[in-house]
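Asker: By numbering that gives the first Met the number 0, the letter at position 230 of the sequence shown is numbered 229, and the numbering carries on one by one without gaps. Glycine residues also receive a C-beta, built at the ideal position from the N, C-alpha and C atoms. Only a predicted model underlies this, so the values are computations on that prediction, with no experimental measurement involved.
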Amino acid sequence: MKEKYLTFVMFVLGCFLTTLMAQTISVKGKVTDDKKTPLPGVSVVVKGSTHGTSTDFDGNYQIQAKAGDVLEFSFVGFTTQTKKVVGGGNSYTVNMQLKEDTHQLTEVVVVGFATQKKENLTGAVASVDAKALENRPVNNVTQALQGNVSGVNFSVGNGGGQLDSNLSFNIRGTGTIGSGSSANPLVLIDGMEGDMNTLNPNDIESISVLKDAASASIYGSRAAFGVILVTTKSGKDGRMVINYSTNYRLASPVGLPEMLDSEDFANYFNEAQKNNGGAPVFEDRIIQNIKAYKAGKLKDATDWNPTKDGNGAWNDYKQSWANVDWFKEFYRASTPSQEHNFTARGGTEKIQYYVSLGWLDAEGLSRYNTDKMSRYSAQGKISAQILPYLKLNYNSRFSRRDFSRSSYLGGLFFHNIARRWPTLPLKDPNGHYMNGNEIAQLNEGRDKTQRDELTQQLALVFNPIKGWVTNVELNYRTSTIFNNWYYLPIYKYGLHGEPIPISRDGEAPAGHSKISEWAARYNFFNTNIYSSYTKEIKKHTVTALAGFQSELFKSRQFSASRDEIYSKNSLSLNTTGGKNDDVSGDYQHWATAGFFGRLNYNYDSKYLLEVNARYDGTSRFLRDQRWNLFTSASVGWNIAKEGFWKHFGKFGEAVSEFKFRGSYGELGNQNTDSWYPFYQTMNIGANNGSWLLNGDKTNTAKMPGLVASTLTWEKVASWNVGFDLTALKNRLKFTFELFSRKTYNMVGPAPQLPPVLGTAPARINNTDMVSNGFEIVTSWKDKIGEDFSYGISANLTDSRQKITKYPNKNKSLGTFYEGQYLGEIWGYQTRGIAKTDAEMTEWLKTHDQSALGNNWAAGDIMYEDLNGDGKINSGANTLDDPGDRKVIGNTTPRYNFGVQVELKYKNVDFSMFWQGTGKRDLIFNDSPYFRGANQNVWQSAGFKEHLDYFRPEGTNSPFGSNVNAYYPRPTMDGGGKNFASQTRWVQNAAYVRLKNIQLGYTFPTDIMKTIGIDNLRIYISADNVFTFTKLSKIFDPEANGGSWGQGKLYPLSRVISTGLSLTF
């Protein structure tokens, strides 16, 4: 029985294997290019599976497949092609001829009021696709773009790394220094002016940057310094595709200074005071208590002083002995955030749709009264072919951003944090926060802002005959901002824990409270009507475009504040009892209009010509100065399409594109801070007089300034030359740009008038500046075998700006002057630090340094005498007589770069992005963050870097001698004689930062499809991973500004995130 059963099983198994073998076919063949040259390394995969192979050196391959399978042939530089396996038998031959991938050349790029094939571009245009923005743990679009676009320079403002802070940016350097002028690039979102940072990065399809006048001039006076065109995702013909993506983040502060512990701090401050001839800051008793507290022998860090402040108080600062690192106390070690995005897109041949929802919830780094931000976004797009010649496009987009923080988390807080001594206790012995450590101010107040933006866009596209397209676009945006800001009374605490009202920094009296509310509504109306006609005659293509554009912006703002809040449970203007009311409001608007045209000529993508003209008007100037005509032209020549190119042999075969480009154009800038610069306006104030009338403050009106009737456009003229190279089957791409931009008729100061006039002279057009620079963009993509692909891309940008005309008759160095490069640092040449008193005495015999200070000794700076007069000074502070000063550096960032590396092996992908600046000088000689204990005792700081200060041989300092120190001897005289601007303090601020690194895994498609999932990718990512720089560790190379001084700002964050992207 068992034998029969075994025989039956073997029979069934044999039949099954025979059937299976019959279904499997050995497919073989050869893969060549269009010239029948064998292609090694071509990937051959059974589509929808992980089963595959690659061609050998002679282009041959062999793979097992079944009838009905589809083979997919792919290779870098060639279009991917497929072939279905048909026929019976045990073998089947499929020879494949791959065609060169011309996607790079036929890629469509968004330009002004149109799209163009990339191969036909003649202006300076850069593009970024959505991939550069994907899965980055950033709060806004500008953070993701930094370093990804050549010619676009990003910088961190005084807000630092705060949750709602946006990077500022320019295109090709500073565009204007005109008084009240702005050089911000024009940002257009789906053809309408907008703010990129209101967008959900997940909604972006592509970004184009128009950098020269020829490509930007079609947009007129708003585009004098470049245009950024953002295109959001749209619907597509086909079944509905749903995507859900999410990530969870942990952020931690980077670039925080390292504070001295309390013992080192006390000794450091005592030596600084000693060098100044003063009594020690800390008594011996306090230093002993500091040591005992650090050793755990003392429980409390302060004691009660019955005579302090008149009625008694807990000792602090000089009389306390805590050991607090205030940076670690105020900032959390890590803080969480999460983001969720949902999209659905699809449609039919006649109707396509796109819907998206997004939510970002983030917490800030502040430990006390934590700052928070939430961003909500929703977008809906629909495109409908109503008639064969008429299409309707509708786009609705909404965004909300809620941001809240402590009302004290501003510039003053960042100024104070560095001045908080480690000896100041966190709490008194009763457990109450100590007076003076900022925590009460942080906790008792909130600053809340809600920003809503709703955009509505309706467009009709007429296409009555082939080649003729007319667009009518109606755009509307309304933005509403509401801010609620308040602070409550704060207290210190007595011996038995009784609260005692105190005043906030800069506010009086003690126990004061205040609430302020501010609201604004902005309405923007935009109409675009333009028509284009394209005619092709054999190899000749001509496109003509003409149109009209109008813009109207309306602003209404209102603010009010009152003091003496009744209850923190009812925070409104009505629940206050103070008399110091402050109410203000305004209504303003501006408008522009323009007629534009463009003519493109293209001969076989070999010879290219583009001419633009725009007649623009603005409401910001008087009627006779309101309109102006701006023109531009550009040409291109793709030499690789010439017949003689093939005679260059292998080089000619390797290069598929070698296009030379050149452009010139002029634009006007009407972006001024005043919307009505030609009106004499009087500033009227209610109840803000400095005197009383019948017991009340008076209303005031200030005399208006003078205006010039000739005030008109700033002009911008620029030229650009460059070339684009594509070679080695599109694996290698290289672009070079050389540019020059002249901004002339900038608004500058008029000649001074007699003081008896009583007001400042009018501003007039009288200043010129030139910006010169270059850009390089290159990339390489290739594949090794069937499973491994890689790519590297890089960009490099440099520019300098030089003043060529400025009304500075005396050539004063206190303002701009002709011949000046923006960012110049003027200062003295440093010989070094005197190591002995004798060395300093000998130096002073021939170098009189009395103009900078007195009591020079060992450990002080020796300044060089550059003009040979024996006296160290700044002369007349003019270009002709600068004394002993010279240009010692420049703060302009030079050689900005970005490098992207991408690797993929089977389903595993890896990428890293490096970003940085190749050359930049910074000087922090006026900042207590940098100087340490070299001002008065209350304006000094103590960080670990400050201990590298001069100490003579034989010193009794607890730190020992240090005659080769970086810092001079610390002195708390406040004079700063050792910190005059000089070569010693110029910092090298060049840096390289690993901006992002990411590792991902995509689950096999054939497995995922069995459960109804098209694609599933998981990843882990990190931003601001580490930095290489020679800059002082006290400062971050990106974030080193601050409204209260250098370095005094919210820190940047290192962000670790993990997430997934699911498509079905």
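Whose C-alpha, out of Ala182, Lys98 and His50, is nearest the C-alpha of lysine 741?
Answerer: It is Ala182.
Asker: Rounded to the nearest angstrom, how far is the Cβ of serine 244 from that of asparagine 340, given a contact under 8 Å?
Answerer: That pair is a contact at about 5 Å.
Asker: I need the DSSP call for tryptophan 320, collapsed to helix, strand or coil.
Answerer: Tryptophan 320: coil per DSSP, three-state reduction.
Asker: Please determine, among Gln997, Ala291 and Asp972, the residue with the shortest C-alpha to C-alpha distance to lysine 903.
Answerer: Answer by Cα proximity: Gln997.
Asker: If I follow the unbroken beta strand (DSSP E) through leucine 843, where does it start and stop?
Answerer: Premise fails: leucine 843 lies in the alpha helix (DSSP H), 836-843, not in any beta strand (DSSP E).
Asker: Going by C-alpha distance, which of Gly379, Leu441, Trp517 and Leu408 is nearest threonine 454?
Answerer: The shortest Cα separation from threonine 454 among Gly379, Leu441, Trp517 and Leu408 belongs to Gly379.
Asker: Measuring CB to CB, does glycine 146 end up less than 8 Å from lysine 994?
Answerer: Against a cut-off of 8 Å, the Cβ pair of lysine 994 and glycine 146 comes out as a contact.
Asker: Please list, in chain order, all residues of the same chain as threonine 540 whose beta carbon is under 6 Å from its beta carbon, the five residues on each side excluded.
Answerer: Answer for threonine 540: Asn601, listed in chain order.
Asker: Just reading off the alpha helix (DSSP H) that alanine 439 is part of, what are its end residues?
Answerer: Where alanine 439 is concerned, the enclosing alpha helix (DSSP H) stretches over 438-442.
Asker: Quick one: which unbroken alpha helix (DSSP H) runs of 4-plus residues sit fully inside the segment 1003-1031? Chain order, please.
Answerer: Whole alpha helix (DSSP H) segments, 4+ residues: 1004-1008.
Asker: Rounded to the nearest angstrom, what separates leucine 795 and asparagine 152 at their Cα positions?
Answerer: Approximately 11 Å between the Cα atoms of the pair.
Asker: Please classify valine 110 as buried or exposed, where buried requires at least 16 neighbouring CB atoms within 10 angstroms.
Answerer: With 16 or more Cβ atoms within 10 Å of its Cβ, valine 110 is classed as buried.
Asker: Assuming alanine 212 is part of the beta strand (DSSP E), what are its boundary residues?
Answerer: Unbroken run through alanine 212 is the alpha helix (DSSP H), 212-215; no beta strand (DSSP E).
Asker: Write down the C-beta distance between serine 560 and glycine 546 rounded to the nearest angstrom, noting that I regard them as a contact closer than 8 Å.
Answerer: Contact doesn't hold; Cβ gap of about 47 Å is too wide.
Asker: Use the C-beta contact count for serine 355: other C-beta atoms within 10 angstroms, 16 or more gives buried, fewer gives exposed.
Answerer: Classification for serine 355: buried.
Asker: Alpha carbon to alpha carbon, what distance is there between aspartate 451 and leucine 198?
Answerer: Taking the straight line joining both Cα atoms gives about 12 Å.
Asker: Can you say whether lysine 35 is buried or exposed, counting buried as having 16 or more other CB atoms within 10 angstroms of its CB?
Answerer: Exposed is the call here.
Asker: Within 10 angstroms of the Cβ of isoleucine 387, are there 16 or more other Cβ atoms? Answer buried if so, exposed if not.
Answerer: One point to set straight first is that residue 387 is proline, not isoleucine, in the sequence displayed. Burial call: exposed.
Asker: For threonine 175, name the three-state secondary structure that DSSP assigns.
Answerer: It is coil, neither helix nor strand.
Asker: Name the two residues that bound the continuous alpha helix (DSSP H) containing tryptophan 325.
Answerer: 325-329 is the span of the alpha helix (DSSP H), which, as asked, contains tryptophan 325.
Asker: In this structure, how does DSSP classify aspartate 57 when only helix, strand and coil are distinguished?
Answerer: Coil at aspartate 57, not helix or strand.
Asker: Between the Cα of alanine 439 and the Cα atoms of Ser405, Gly721, Val280 and Gln80, which residue gives the shortest distance?
Answerer: Taking only the C-alpha atoms, the option nearest alanine 439 is Ser405.
Asker: Let's test the definition: count the other Cβ atoms within 10 Å of the Cβ of threonine 891 and tell me whether it reaches 16, buried, or not, exposed.
Answerer: Label assigned to threonine 891: buried.
Asker: Hey, would you say glutamate 665 sits closer than 8 Å to tyrosine 789, going by beta carbons?
Answerer: Taking 8 Å as the Cβ cut-off, glutamate 665 and tyrosine 789 do not qualify as a contacting pair.
Asker: Let's see if you can read the secondary structure: which residues bound the alpha helix (DSSP H) around serine 261?
Answerer: Segment 261-274, the alpha helix (DSSP H) holding serine 261.
Asker: Could you give the residue range of the beta strand (DSSP E) that holds alanine 793?
Answerer: First-last of the beta strand (DSSP E) with alanine 793: 787-804.
Asker: DSSP on glutamine 161, reduced to helix/strand/coil?
Answerer: Here glutamine 161 sits in coil by DSSP.
Asker: Taking the alpha-carbon positions, what's the phenylalanine 958 to histidine 945 distance?
Answerer: So the two alpha carbons sit approximately 12 Å from each other.
Asker: Tell me the rounded alpha-carbon separation between glutamine 548 and threonine 671.
Answerer: For glutamine 548 and threonine 671, the distance between alpha carbons rounds to 20 Å.
Asker: In whole angstroms, give me the CA-to-CA distance for alanine 271 and asparagine 436.
Answerer: Approximately 23 Å, taken between the alpha carbons.
Asker: Taking the C-alpha atoms as reference points, what is the distance between isoleucine 62 and leucine 70?
Answerer: So the two alpha carbons sit approximately 9 Å from each other.
Asker: Any idea if leucine 389 is buried or exposed, counting beta-carbon neighbours within 10 angstroms, 16 or more meaning buried?
Answerer: Exposed: under 16 other Cβ atoms inside 10 Å.
Asker: Going by beta-carbon coordinates alone, are isoleucine 176 and glycine 150 separated by less than 8 Å?
Answerer: The answer is no: Cβ separation not under 8 Å.
Asker: Note down the Cα distance separating alanine 312 from tyrosine 492, rounded to an integer number of angstroms.
Answerer: The alpha-carbon atoms of alanine 312 and tyrosine 492 are separated by roughly 8 Å.
Asker: Taking the beta carbon of methionine 745 as the centre, do at least 16 other beta carbons fall within 10 Å, making it buried, or is it exposed?
Answerer: Flag for methionine 745 reads buried.
Asker: Only counting runs of 3 or more residues, tell me where the beta strand (DSSP E) segments fall wholly within the segment 876-919, in order along the chain.
Answerer: Counting only runs of 3 or more, we get 884-889, 893-904 and 907-918.
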